[in-house]
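If you're matching them up, the sequences are chains A and B in order. For this note's numbering, count along the first sequence from 1 and bump the result up by 33. For this note's numbering, count along the second sequence from 1 and bump the result up by 2.
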Amino acid sequence: MLLRQFLIEWKLYSRDRVAMFWTFLFPVLLLLGFGVIFRSQGPALTLVWSMPAQASAADAELEQAMARTPLKLLKLSPAEAEARWRRGETAAQIEKDQDSYRIRVNSYLLAQGQGAAQIAQQAHLLAEARHSGLEIKLLPILMESPGHAHATNYAAFLLPGLIGLNLLSMGLFSVGMVNVSYREKGKFRRLAVTPLPKWIFLGGQILHRLTVVILQSVVMLVAGWLVFGISNQGSYLALALVLAIGTGCFMAMGFALSGFAQTTETYGAISNIFFFPMMFLSGVYFTLDSAPKWLQEAVVVLPLSPYIKALRGIFNDGAHLSDHLAGLVIVGIWALLAFGVAVKRFKWA
Amino acid sequence: MSALALKVRGLHKQYPNVLAVESLDLDVPRGEVFGLLGPNWAGKTTTLEIIEGLTLPDGGVIEILDLDWRHQGKEIRSRIGVQLQSTSLFNKITPREALDLYGSYYPKRRSTGELLDLVQLNEKADAYHITLSGGQQQRLAIALALVNDPELVFLDEPTTGLDPQARRSLWDVIRHMKSEGRTVILTTHYMEEAETLCDRLAIMDHGRILTTGTPMELIQQLGLPSIVEFTFDGEAPDPTVFAQKLGQTVEGRGDLWEIPTQDPKGLLPCLMEFAEMEQVPYQQVHVRRATLEDVFLHRTGRSLRE
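Right, here's the structure in full:
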């Protein structure tokens with residue numbers, strides 16, 4: 034009976050092309066997109082050089098020094114440089130200031146601008162030193178993941194995050210939204226007048242979602258391996274366990290939230306309140322190093338953040354479950370809380 | 003086995019702002035087609051949903067096929083068939099799959115082919131639910147209500163929103179249920195439907211049953227078997243003055259005057275003469291038999307469709 038319910042869930046689900054796309058293809062596209070764009074060490078930093086037609090000897094020395102840094106240099110006439118600046122496309126610009134130079138940073142593009150400015154500063158120091166007869170050596174920079182497993186591969190950072198994010202969106206949007214819409218449209222009521230035990234219906238749904246999540250993760254892992262050569266560094270058992278804990282936690286959250294909304298519209302609003310902060314604050318796309326300290330500490334108690342950390346640790350760096358015990362306990366507590374609320378609030382009609 | 007398929011005593015349901023059902027009693031013998039008749043918001047659907055086990059009552063006793071919801075819920079569910087006012091299925095399930103699926107929930111079931119034949123959905127058996135017309139979806143909902151070969155079938159406004167032809171074809175299906183010996187309890191706000199389908203009726207308004215009986219009995223209880231109607235071109239004039247002079251009740255409704263009477267033969271000649279004298283600008287005169295609509299109007303002071 035449970036098996037039949039599970040199979041019919043899959044059968045009906047497989048007819049929904051849009052859902053299939055969002056579930057299986059979209060995360061892979063995200064991974065490919067971001068992974069390719071930031072293929073190695075992230076986007077190259079560009080510096081605009083507002084340079085008069087007649088280059089001085091100092092200019093030539095500075096340019097030589099810049100060539101030793103990873104900066105991408107864009108030499109423009111002062112008029113062109115100003116036009117580019119006004120269009121808002123320039124993050125950082127170096128220009129003549131009396132007998133020396135100054136750097137202007139676009140306050141809207143602070144992250145890139147400051148990065149470029151720092152490197153330009155170094156280049157200038159290099160040139161100055163050489164000018165006074167000193168030869169300075171730049172230190173080599175090595176990029177590596179915490180477990181020394183991956184170097185200069187943003188996709189490796191991204192993949193576990195995307196898997197975690199998928200679990201969250203699956204729970205909040207797929208499970209929760211579907212529940213609310215079934216209730217709103219009366220699909221549950223039609224079932225409630227049959228002798229079908231509720232646990233079979235719910236069990237069928239949960240099994241279905243669970244297999245969807247497993248398949249989804251497998252698809253992404255295979256895509257990551259084929260395109261970027263990323264592979265699991267930890268044990269597959271630990272990975273599967275962590276995936277199962279996450280599925281349980283985020284699905285329970287979807288169930289719990291669905292108990293608070295009467296209509297799909299209100300559910301959309303409620304779930305976004307949970308989804309967006311977690312997505313942005315949990316280090317899926319970028320780390321929170323530069324965020325205020327209190328925020329970094331507050332975020333640790335949200336489930337997605339420790340979850341992704343654990344996933345990343347195991348997958349990228351071959352960590353053991355015990356290394357991430359505290360984080361997984363937080364996820365487990367969230368799962369239990371959400372499950373309790375879900376059971377208490379769940380209504381058929 | 004009791005002769006009653008359903009026995010309800012003192013059913014009560016209070017919603018935050020409305021008293022939906024007020025001390026309601028109901029007896030439905032086995033094999034009967036029983037109609038709950040009333041306007042929207044009369045409490046028909048709430049009553050039905052309580053009996054079907056979807057809504058908990060605040061008080062009252064329900065015996066359904068000699069079983070009790072409190073102890074024998076599962077057995078009741080497997081022996082009744084329910085068509086809800088709106089049956090929502092997955093958009094991309096076919097009638098054949100839906101009948102197979104819902105059938106699989108019951109210990110006893112009728113074959114999908116037989117049900118598709120019964121509601122004439124053979125041609126659409128493998129089309130997605132979302133592509134079916136309103137009438138076809140409703141026929142599927144009724145087939146689903148029959149999937150477990152139920153002894154007692156609940157139909158909540160089975161023909162609302164259907165065109166006359168679709169309505170008649172559903173009536174045939176309901177008559178067929180009766181011929182198979184099933185008890186049918188349906189709600190409707192269509193008079194004609196209640197008159198042709200139901201063995202007995204209860205008229206409901208404001209959560210209470212106003213009167214119960216066969217359609218014939220209800221009309222006879224009215225004591226005014228005939229109605230003379232004056233039809234006007236556009237809105238009917240105010241009948242008060244005319245009624246006073248005539249010494250008869252005249253009810254103005256839309257483009258009509260209605261004059262209920264026990265003796266149309268005697269009334270008509272003098273009515274015509276009088277109307278001529280008063281220069282009433284009527285277009286046509288009809289004499290008709292009283293209907294359930296008149297019973298309802300008489301009992302509640304309101305029209306059923308209002």
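For each residue, glycine too, the CB sits at the ideal point set by N, CA and C. Model, not experiment: these values are computed from the prediction.
Requested in this report: Provide the residue span of the beta strand (DSSP E) that contains A/T56, from first to last.
Outcome: As a first step, residue 56 of chain A is located in the first sequence; it is residue number 23 there, counting from the start. Looking at the DSSP string, A/T56 is not in any beta strand (DSSP E), and its letter there is neither H nor E.
**Report entry** Test: A/G209 CB closer than 8 angstroms to a CB of chain B
**Finding:** Indexing the first sequence from 1 puts residue 209 of chain A at position 176. No, no contact with chain B.
Report task. Could you check if B/N150 is buried or exposed, using at least 16 other CB atoms within 10 Å of its CB as the buried criterion? Result -> Within the second sequence, the letter at position 148 stands for residue 150 of chain B. It is buried - the Cβ of B/N150 has at least 16 other Cβ atoms within 10 Å.
Requested in this report: Note the first and the last residue of the continuous alpha helix (DSSP H) segment covering A/M312.
Outcome: Reading the first sequence from its first residue, position 279 is the one you call residue 312 of chain A. Unbroken alpha helix (DSSP H) run through A/M312: T297 to L314.
Query raised in the report: For B/T198, which option in B/T213, B/R169, B/D29 and B/L67 has the closest C-alpha, if you only look at C-alpha atoms?
Result: Reading the second sequence from its first residue, position 196 is the one you call residue 198 of chain B. Closest option to B/T198, Cα to Cα, is B/R169.
**Report entry** Straight-line gap, B/K267 to B/S4 (C-alpha atoms, nearest Å)
**Finding:** Within the second sequence, residue 267 of chain B is the residue found at index 265, counting from 1. Within the second sequence, residue 4 of chain B is the residue found at index 2, counting from 1. Rounded to whole angstroms, B/K267 to B/S4 spans 48 angstroms at the Cα level.
Query raised in the report: Buried or exposed: A/A368, going by 16 or more other Cβ atoms within 10 Å of its Cβ?
Result: Residue numbering aside, residue 368 of chain A sits at position 335 when the first sequence is read from its first letter. A/A368 comes out buried.
Report task. Please list, in chain order, all residues of the same chain as B/E231 whose beta carbon is under 6 angstroms from its beta carbon, the five residues on each side excluded. Result -> Numbered from 1 along the second sequence, position 229 holds the residue referred to as residue 231 of chain B. Same-chain partners within the cutoff: L258, E260 and H288.
Report task. Identify whether B/E308 lies in helix, strand or coil by the three-state DSSP scheme. Result -> Residue 308 of chain B sits at position 306 when you count from the first residue of the second sequence. At B/E308 the pLDDT is 48, less than 50, meaning the model places this residue with poor confidence and gives no usable figure here.
Query - Length of the line joining the Cα atoms of B/E308 and B/P227 - result: For this step, residue 308 of chain B is matched to residue 306 along the second sequence. For this step, residue 227 of chain B is matched to residue 225 along the second sequence. Low confidence applies here, because B/E308 scores a pLDDT of 48, under 50, leaving its location unreliable and the question unanswered by this model.
Requested in this report: With 7 angstroms as the C-beta to C-beta threshold (strictly closer), list the residues of the region 223 to 243 of chain A near chain B in chain order.
Outcome: R223, A225, V226, T227, P228 and L229
Query - Three-way DSSP call (helix, strand, coil) for A/Q87 in this model - result: As a first step, residue 87 of chain A must be located in the first sequence, where it is residue number 54. Here A/Q87 sits in coil by DSSP.
Report task. In angstroms with no decimal places, state the Cα-to-Cα distance between B/A292 and B/D119. Result -> Along the second sequence, one-based indexing puts residue 292 of chain B at 290. Along the second sequence, one-based indexing puts residue 119 of chain B at 117. Approximately 38 angstroms between the Cα atoms of the pair.
Query raised in the report: What runs of the beta strand (DSSP E), each 3 residues or longer, lie entirely inside the region 91 to 146 of chain B?
Result: none
Report task. Would you kindly work out how many angstroms separate the C-alpha atoms of A/A160 and A/L95, rounded to a whole number? Result -> Numbered from 1 along the first sequence, position 127 holds the residue referred to as residue 160 of chain A. Numbered from 1 along the first sequence, position 62 holds the residue referred to as residue 95 of chain A. Straight-line Cα distance between these residues: approximately 5 angstroms.
Query raised in the report: Of the residues A/A124, A/S338, A/A156 and A/N305, which one's Cα is nearest the Cα of A/L321?
Result: Within the first sequence, residue 321 of chain A is the residue found at index 288, counting from 1. Checked all of A/A124, A/S338, A/A156 and A/N305; the closest Cα to A/L321 is A/S338.
Query - A/L45 beta carbon less than 8 angstroms from that of B/Y107 - result: Counted from its first residue, the second sequence places residue 107 of chain B at position 105. Counted from its first residue, the first sequence places residue 45 of chain A at position 12. No, the Cβ-Cβ distance between B/Y107 and A/L45 is not below 8 angstroms.
Query raised in the report: Listing by chain order, which chain A residues have their CB less than 8 angstroms from the CB of B/R142?
Result: In the second sequence, counting from the first residue as 1, residue 142 of chain B sits at position 140. The sequence shown places Leu at residue 142 of chain B, not Arg. Ordered by position in chain A, no residue passes the 8 angstroms Cβ test against B/L142, which lies about 11 angstroms from the chain.
Query raised in the report: In terms of DSSP beta bridges, what is B/F156 paired with?
Result: Within the second sequence, the letter at position 154 stands for residue 156 of chain B. Answer by DSSP bridge pairing, in chain order: B/V84 and B/I187.
Requested in this report: State the CB to CB distance for the pair B/T214 and B/R32, rounded to an integer number of angstroms; the pair is presumed to be in contact (CB under 8 angstroms).
Outcome: On the second sequence, position 212 is the one that residue 214 of chain B refers to. On the second sequence, position 30 is the one that residue 32 of chain B refers to. Not a contact, Cβ separation roughly 17 angstroms.
Report task. Mind listing, in chain order, the continuous alpha helix (DSSP H) runs of no fewer than 4 residues lying wholly within the region 344 to 375 of chain A? Result -> none
Query - B/T97 classed as buried or exposed, judged by whether at least 16 other C-beta atoms fall within 10 angstroms - result: The count along the second sequence starts at 1 and reaches residue 97 of chain B at position 95. Note on identity: in this sequence residue 97 of chain B is Pro, with Thr being the wrong assignment. B/P97 comes out buried.
Query raised in the report: If B/M206 and B/G62 are in contact, beta carbons under 8 angstroms, what's the gap, nearest whole angstrom?
Result: On the second sequence, position 204 is the one that residue 206 of chain B refers to. On the second sequence, position 60 is the one that residue 62 of chain B refers to. 15 angstroms between Cβ atoms; not a contact.
Report task. Can you give me the Cβ contacts of A/L335 inside the same chain, cut-off strictly under 7 angstroms, excluding the 5 residues immediately before and after it? Result -> Sequence index remark: in the first sequence, residue 335 of chain A carries index 302 (1-based). Closer than 7 angstroms at the Cβ level, and outside the excluded window around A/L335, lie M311, L314 and S315.
Report task. Verify whether the separation of the beta carbon atoms of B/G37 and B/C200 is less than 8 angstroms. Result -> In the second sequence, counting from the first residue as 1, residue 37 of chain B sits at position 35. In the second sequence, counting from the first residue as 1, residue 200 of chain B sits at position 198. Against a cut-off of 8 angstroms, the Cβ pair of B/C200 and B/G37 comes out as a contact.
Report task. Rounded to whole angstroms, what's the CA-CA distance from A/R137 to A/E128? Just pull it up for me. Result -> Reading the first sequence from its first residue, position 104 is the one you call residue 137 of chain A. Reading the first sequence from its first residue, position 95 is the one you call residue 128 of chain A. Rounded to whole angstroms, A/R137 to A/E128 spans 8 angstroms at the Cα level.
**Report entry** C-alpha gap between B/L188 and A/T227, whole angstroms
**Finding:** Numbered from its first residue, the second sequence carries residue 188 of chain B at position 186. Numbered from its first residue, the first sequence carries residue 227 of chain A at position 194. Taking the straight line joining both Cα atoms gives about 18 angstroms.
Query - Which listed residue (B/E237, B/K76 and B/Q246) has its alpha carbon closest to that of B/G256 - result: Translated into positions along the second sequence, residue 256 of chain B becomes position 254. Of B/E237, B/K76 and B/Q246, the residue nearest in Cα terms is B/E237.
Query raised in the report: When we look at the beta-carbon of A/G146 and count the other beta-carbons within 10 Å, is it buried (16 or more) or exposed?
Result: Position 113 of the first sequence, counted from the start, is the residue given in the question as residue 146 of chain A. Looking at its Cβ environment, which holds 16 or more other Cβ atoms inside 10 Å, A/G146 is buried.
Report task. Helix, strand or coil for B/A277, going by three-state DSSP, please let me know. Result -> Taking the first residue of the second sequence as 1, we reach residue 277 of chain B at position 275. In this structure, B/A277 counts as helix in the three-state DSSP scheme.
Report task. Could you round the C-beta distance between B/G55 and B/I78 to whole angstroms and report it? I think they count as a contact, below 8 angstroms. Result -> Locating residue 55 of chain B in the second sequence gives position 53, where the first residue counts as 1. Locating residue 78 of chain B in the second sequence gives position 76, where the first residue counts as 1. Indeed, because the Cβ distance is near 7 angstroms, the residues count as touching under 8 angstroms.
Report task. Using a cut-off of 8 angstroms between C-beta atoms, extract the partners of A/L45 located in chain B. Result -> Here residue 45 of chain A corresponds to residue number 12 of the first sequence, with the count starting at 1. Going along chain B in sequence order, the residues near A/L45 (Cβ under 8 angstroms) are F92, K94 and I95.
Query raised in the report: Which residues in chain A sit within 9 angstroms of B/G55, going by Cβ to Cβ distance?
Result: Numbered from 1 along the second sequence, position 53 holds the residue referred to as residue 55 of chain B. Simply A225 and V226.
Query raised in the report: By Cβ distance, which residues of its chain are closer than 7 angstroms to B/D158, with the 5 residues on each side in sequence left out?
Result: One-based indexing of the second sequence puts residue 158 of chain B at position 156. Correct list, in chain order: T47, L50, Q85, L86, Q87 and T189.
Query - Residues in the region 100 to 128 of chain B having any Cβ partner in chain A nearer than 7 angstroms - result: L103, Y104, S106, Y107 and Y108
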